[in-house]
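Q: Residue numbers (my numbering): 531 to 740.
Got a structure for you, questions after.
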Amino acid sequence: MSEFAQLAQFVYKGAAPSVKELTQKMVDSGTSPMEIITNGLLAGMDIVSPKFKNGEMFVPEVMMSARALGEGMKILKPLISGEDVSVAKTIVIGTVSGDLHDIGKNLVVMILESGGFNVVDLGVDVSPAKFVAAVKENNAQVVGMSALLTTTMLNMKETIDLMKEEGLRDQVKIMIGGAPVSQSFADEIGADAYCADAMAAKDTAGKFLK
Ligand code: B1M
Numbered sequence: 531m532s533e534f535a536q537l538a539q540f541v542y543k544g545a546a547p548s549v550k551e552l553t554q555k556m557v558d559s560g561t562s563p564m565e566i567i568t569n570g571l572l573a574g575m576d577i578v579s580p581k582f583k584n585g586e587m588f589v590p591e592v593m594m595s596a597r598a599l600g601e602g603m604k605i606l607k608p609l610i611s612g613e614d615v616s617v618a619k620t621i622v623i624g625t626v627s628g629d630l631h632d633i634g635k636n637l638v639v640m641i642l643e644s645g646g647f648n649v650v651d652l653g654v655d656v657s658p659a660k661f662v663a664a665v666k667e668n669n670a671q672v673v674g675m676s677a678l679l680t681t682t683m684l685n686m687k688e689t690i691d692l693m694k695e696e697g698l699r700d701q702v703k704i705m706i707g708g709a710p711v712s713q714s715f716a717d718e719i720g721a722d723a724y725c726a727d728a729m730a731a732k733d734t735a736g737k738f739l740k
């Protein structure tokens, strides 16, 4: 079995210490951090996803997989984060109200940071009021929202509506992402961009902050 496949298995099994150890070993032997993320850590989540959907895995087991993945991310994050951070280009990002999924959002944060953006990560279950307050506090030019549930994606619209009410809508570009979200949903709720993945988020932020 390749090291990537082994790492994916460790994530699937929620074996955090093994994920930590193998990630470090792969880094030490010169494997690219992005390859470790894509072909090891996220490949592990790709094993988990259908099993969760089919009822073969349950929430506690999926949490263990998520935690194990996080151990690998902790090692990789400093290696891919950029140092040339410009405070003039601030992106506020979070997972919307009612939603606790943060694996994808955290990946987006890492990739944006690697692009040299100043990212203010509000975490999960972020209310529209908290997004608005963060835009004001940080004088942000871009807002990123993540949602993984069909029920919580509607809170993206709530947030955009509050931005309008607060007179902030013209000051910020809004980009959204997450598995249930699409370009047509972005159009429907008045977001400026839909990003299918973390690299798309980085490219989009780059265009907005040129
Ligand atoms: Co949840 N869950 N979950 N879950 N979970 C899904 C989303 C689900 C599709 C599983 C399924 O197939 N049934 C389903 C949603 C169904 C629906 O709404 N239609 C579901 C459900 C039902 C639930 C609970 C309700 C289960 C329960 O309690 N009965 C519950 C809800 C909790 C809550 O949020 N209130 C729940 C809980 C959990 C765990 C806590 C166990 C765990 C989350 C752990 C964590 O995040 N810390 C979990 C997980 C891990 C998943 C799955 C298996 C994997 C999600 C993931 O991390 N993918 C997921 C199944 C699936 O998605 N197929 C599922 C990997 C990640 C890298 O991809 O997040 O898509 P993703 O991010 C990508 C892009 O989407 C994009 O870039 C990322 C990287 O390329 N992107 C953005 C994401 N956000 C972006 C923001 C941007 C730009 C791009 O901003 C600009």
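Yeah, the Cβ is synthetic: ideal placement off N, Cα and C, and Gly gets one too.
Cβ of residue 582 within 6 Å of any heavy atom in the ligand B1M?
A: The residue you call residue 582 lines up with position 52 of the sequence shown. Yes, the Cβ of residue 582 comes within 6 Å of a heavy atom of the ligand B1M.
Q: What do you reckon, is the C-beta of residue 621 under 6 Å from a heavy atom of the ligand B1M?
A: Along the sequence shown, read from residue 1 onward, the residue named residue 621 stands at position 91. Every heavy atom of the ligand B1M is 6 Å or more from the Cβ of residue 621, so no.
Q: Is residue 651 helix, strand or coil by DSSP?
A: The residue given as residue 651 occupies position 121 in the sequence shown. The answer is strand: DSSP assigns residue 651 an E or B state.
Q: Taking C-beta to C-beta, are residue 544 and residue 598 nearer than 7 Å?
A: For this step, residue 544 is matched to residue 14 along the sequence shown. For this step, residue 598 is matched to residue 68 along the sequence shown. Yes. Within cutoff.
Q: Are the beta-carbon atoms belonging to residue 719 and residue 675 less than 7 Å from one another?
A: As a position in the sequence shown, residue 719 is number 189, starting the count at 1. As a position in the sequence shown, residue 675 is number 145, starting the count at 1. No, the pair does not count as a contact, with Cβ atoms beyond the cut-off.
Q: Is the CB-CB distance between residue 626 and residue 682 below 7 Å?
A: For this step, residue 626 is matched to residue 96 along the sequence shown. For this step, residue 682 is matched to residue 152 along the sequence shown. Contact: yes.
Q: Go through the segment 622 to 679 residue by residue and report every complete run of the alpha helix (DSSP H) that reaches 4 residues or more, in order.
A: 633 to 644 and 658 to 668
Q: Pull up the DSSP beta-bridge partners for residue 704, would you.
A: Locating residue 704 in the sequence shown gives position 174, where the first residue counts as 1. Looking at the DSSP assignment, residue 704 forms a beta bridge with 673.
Q: When you compare only the Cα positions, how much space is there between residue 705 and residue 666?
A: Taking the first residue of the sequence shown as 1, we reach residue 705 at position 175. Taking the first residue of the sequence shown as 1, we reach residue 666 at position 136. Approximately 17 Å between the Cα atoms of the pair.
Q: What span of residues does the alpha helix (DSSP H) with residue 685 cover, start to end?
A: Within the sequence shown, numbered from 1, the residue matching residue 685 stands at position 155. Looking at the DSSP string, the run of the alpha helix (DSSP H) that includes residue 685 is 684 to 695.
Q: Got a sec: does the ligand B1M put a non-hydrogen atom nearer than 6 Å to the Cβ of residue 543?
A: The count along the sequence shown starts at 1 and reaches residue 543 at position 13. No, the ligand B1M has no heavy atom inside 6 Å of this Cβ.
Q: What's the call for residue 673, buried or exposed, on a 16-neighbour Cβ count within 10 Å?
A: Within the sequence shown, numbered from 1, the residue matching residue 673 stands at position 143. Its Cβ being crowded by 16 or more others within 10 Å, residue 673 is buried.
Q: Distance check for residue 573 and residue 584, CA to CA, integer angstroms please.
A: Stepping through the sequence shown from its first residue, residue 584 is reached at position 54. Stepping through the sequence shown from its first residue, residue 573 is reached at position 43. If you take the alpha carbons of residue 584 and residue 573, they lie about 18 Å apart.
Q: Less than 6 Å between the CB of residue 592 and some heavy atom of the ligand B1M, yes or no?
A: Taking the sequence shown and counting its residues from 1, one reaches residue 592 at position 62. Yes - the ligand B1M has a heavy atom lying nearer than 6 Å to the Cβ of residue 592.
Q: What's the gap between the Cα of residue 557 and the Cα of residue 601?
A: Residue numbering aside, residue 557 sits at position 27 when the sequence shown is read from its first letter. Residue numbering aside, residue 601 sits at position 71 when the sequence shown is read from its first letter. Cα to Cα, the separation comes out at about 14 Å.
Q: For residue 603, which of 725, 547 and 588 has the nearest alpha-carbon?
A: Stepping through the sequence shown from its first residue, residue 603 is reached at position 73. Comparing alpha-carbon positions, the option among 725, 547 and 588 lying closest to residue 603 turns out to be 547.
Q: Please report the Cβ distance between residue 575 and residue 633, rounded to the nearest whole angstrom; I am assuming they are in contact, meaning their Cβ atoms lie under 8 Å.
A: The count along the sequence shown starts at 1 and reaches residue 575 at position 45. The count along the sequence shown starts at 1 and reaches residue 633 at position 103. About 7 Å separates the two Cβ atoms, so the contact holds.
Q: With distance defined between alpha-carbon atoms, name the residue in 571, 738 and 650 nearest to residue 624.
A: By one-based count along the sequence shown, residue 624 stands at place 94. It is 650 whose Cα lies nearest to the Cα of residue 624.
Q: Would you say the beta carbon of residue 641 comes nearer than 6 Å to a heavy atom of the ligand B1M?
A: The count along the sequence shown starts at 1 and reaches residue 641 at position 111. Because no heavy atom of the ligand B1M lies under 6 Å away, the Cβ of residue 641 does not count as near it: no.
Q: Is residue 635 near the ligand B1M - that is, is its Cβ less than 6 Å away from at least one heavy atom of it?
A: On the sequence shown, position 105 is the one that residue 635 refers to. Under cutoff, so the answer is yes.
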